[in-house]
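Read the structure below first, then the notes.
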Amino acid sequence: MISAYGHEAGKPLECLSIEVVLEKEQFIDGNGLQAYRVGFKVGGGIDQDPSKAPYKYPDMGIYITQIDPDSPAEKAGLRQHDKILQVNGHDFTMLTHEKSVKYIKKYPVLHMLVARREIAPY
1 MISAYGHEAG KPLECLSIEV VLEKEQFIDG NGLQAYRVGF KVGGGIDQDP SKAPYKYPDM
61 GIYITQIDPD SPAEKAGLRQ HDKILQVNGH DFTMLTHEKS VKYIKKYPVL HMLVARREIA
121 PY
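Sequential numbering of the sequence shown, starting at 1, is according to full-length UniProt numbering.
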């Protein structure tokens, strides 16, 4: 079993993952338009320099760097430092930071696969 942490982008990956369904929270923004809230921020990506990141992750994956209290992300069970492997069937292991953010914003419901460091193989 290979760990998702320290994974080299583009190489096959087999690891334990956690399935998470996140239903975004709808609200009306300051302009009176309908918007959606996920309640998390991401860092990383194949276009980012990991040495300049506030958290030292072992690879260039997309990681959850912040979870807002009482947010859809917290209610769905996501945790800070979870590595996002997939969203709605889309591979997140070889993605730029900008594309990951755009993809997360695109859908009102996110079906995610994440890897969590403390989850050990059986």
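Ideal placement from N, C-alpha and C gives every residue a C-beta, glycine not left out. Please read all numbers here as calculations on a predicted model, not as lab measurements.
DSSP, read as helix, strand or coil, puts A115 in strand. By the neighbour-count criterion, in which 16 or more other beta carbons inside 10 Å mark a residue as buried, Y63 falls on the buried side.
Distance from the Cα of Y55 is smallest, within the candidate group Q66, D91 and D47, for Q66.
Secondary structure remark: continuous alpha helix (DSSP H) runs of at least 4 residues inside the stretch 56-95, in chain order: 72-76. Y36 carries a strand assignment under DSSP once its states are collapsed to helix, strand and coil. When C-beta atoms of the stretch 105-114 are compared with those of the stretch 78-91, three or more pairs fall below 8 Å, so the two segments count as touching. Assignment of beta-bridge partners to L16 by DSSP yields no partner. Between the alpha carbons of E74 and V42 lies a distance of about 14 Å. In the DSSP annotation of this structure, the continuous segment of the alpha helix (DSSP H) that includes I104 starts and ends at H97 to K106.
The beta-carbon separation of Y57 and G44, rounded to 6 Å, stays under the 8 Å limit for a contact. Q48: not part of any beta strand (DSSP E); DSSP gives it neither H nor E.
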